[in-house]
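All residue numbers for the sequence shown refer to this note's numbering, where the first residue is 9 and numbers rise by one.
We put the CB at the ideal spot given by N, CA and C, even for glycine.
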Amino acid sequence: MAHFLAKLAFVSGGTAAAGGGIAAGASSIFSSQEGFVEKPKIKNQTEETSEATPVVEEPAQTSSQPSCIIWEAQDPKGTSGHRQFSVLLEKHESKEAFFQKLNDRPMQDGFKTEVENACKNAEGKKNVKGRVYVWWISGQKKWIYAGDMHTGDRDWENEISNKPSGSKRNPAA
């Protein structure tokens with residue numbers, strides 16, 4: 009037993025000087041009391057750190073698609089190409105919020121696609137600074153998106169003074 013402890017102290021001392029620990033040195037050299045087994049060398053931590061490729065953390069992916077606000081307006085006055093909104097009734101912070109709230113007034117075929125394309129400025133449909141303006145024609149029970157109301161930089165939200173402050177309906181309408 010004393011012979012084993014002497015071997016252990018000798019080997020452990022050499023291993024400790026080389027950067028290993030007593031327990032690590034003893035377990036990596038002796039597989040039993042009698043036999044000597046050489047195990048593969050382990051790189052010390054300074055070598056691994058210098059060879060490691062730095063990991064660059066990327067910020068959380070945000071949607072490349074800007075937010076799309078849907079404004080429900082009162083039926084505009086005028087004729088196609090010369091219409092103007094005078095009242096904005098309700099602001100929806102996203103197209104999803106707008107679509108979810110439409111249970112009482114169904115959409116005709118194609119309206120949802122028009123709004124989605126307008127949000128993306130795709131397929132000839134447009135938005136104005138991330139805003140899409142639509143209106144409901146109660147006599148026809150129909151939603152309307154019109155391209156002529158989205159031309160240029162017409163900022164209906166700032167031009168119209170008669171609009172709700174939040175996303176609630178204007179009680180005067």
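Burial state of residue i, where buried means 16 or more other Cβ atoms lie within 10 Å
{"i": "Lys-103", "result": "buried"}
{"i": "Pro-114", "result": "exposed"}
Selection from the options that minimises the alpha carbon distance to residue i
{"i": "Gly-160", "options": "Trp-79, Gly-138, Asp-83", "result": "Gly-138"}
{"i": "Leu-110", "options": "Lys-85, Glu-80, Trp-164, Gly-155", "result": "Glu-80"}
{"i": "Cys-182", "options": "Met-115, Glu-167, His-100", "result": "Look at the range of the chain in this structure, 9 to 181, and you will see that residue 182 is not part of it."}
{"i": "Glu-131", "options": "Met-115, Gly-155, Val-142, Lys-150", "result": "Gly-155"}
{"i": "Gly-118", "options": "Ala-105, Lys-150, Gln-82", "result": "Lys-150"}
{"i": "Val-95", "options": "His-158, Gln-148, Trp-143, Arg-162", "result": "Trp-143"}
{"i": "Asn-166", "options": "Gln-148, Gly-86, Tyr-141, Asp-112", "result": "Tyr-141"}
{"i": "Tyr-153", "options": "Lys-120, Gly-147, Arg-162", "result": "Lys-120"}
{"i": "Asn-129", "options": "Gln-108, His-158, Glu-98, Thr-87", "result": "His-158"}
Residue span of the beta strand (DSSP E) that contains residue i, given as start and end
{"i": "Val-136", "result": "It is not in any beta strand (DSSP E) - Val-136 carries neither H nor E in the DSSP assignment."}
{"i": "Ala-81", "result": "77–81"}
{"i": "Glu-98", "result": "96–100"}
{"i": "Lys-150", "result": "150–153"}
Cβ distance (whole Å) where residue i is taken to contact residue j below 8 Å
{"i": "Ile-78", "j": "Val-136", "result": "Between Val-136 and Ile-78 the Cβ distance is about 12 Å, and since that is not below 8 Å, they are no contact."}
{"i": "Asp-83", "j": "Ile-145", "result": "6 Å"}
{"i": "Phe-93", "j": "Trp-164", "result": "5 Å"}
Other residues of its chain near residue i: CB distance less than 6 Å, five sequence neighbours each side excluded
{"i": "Lys-133", "result": "Glu-122, Asn-125, Ala-126"}
Limits of the alpha helix (DSSP H) - the one that residue i falls within
{"i": "Thr-87", "result": "Segment: none, Thr-87 is in no alpha helix (DSSP H) and carries neither H nor E."}
{"i": "Gln-108", "result": "103–108"}
{"i": "Ala-130", "result": "That residue, Ala-130, is in no alpha helix (DSSP H); it is neither H nor E in DSSP."}
{"i": "Asn-166", "result": "164–167"}
Interface flag, residue i vs chain B, CB-CB below 8 Å
{"i": "Asn-129", "result": "Given the protein chain composition of this structure (a single chain), no chain B is represented."}
Proximal residues to residue i (C-beta, below 8 Å), its chain only, five neighbours per side dropped
{"i": "Gln-116", "result": "Lys-150, Trp-151"}
Beta-carbon contacts of residue i that lie in its chain and below 7 Å, excluding the five residues immediately before and after
{"i": "Gly-89", "result": "Asp-156"}
{"i": "Lys-85", "result": "Arg-91, Gln-92, Ser-94"}
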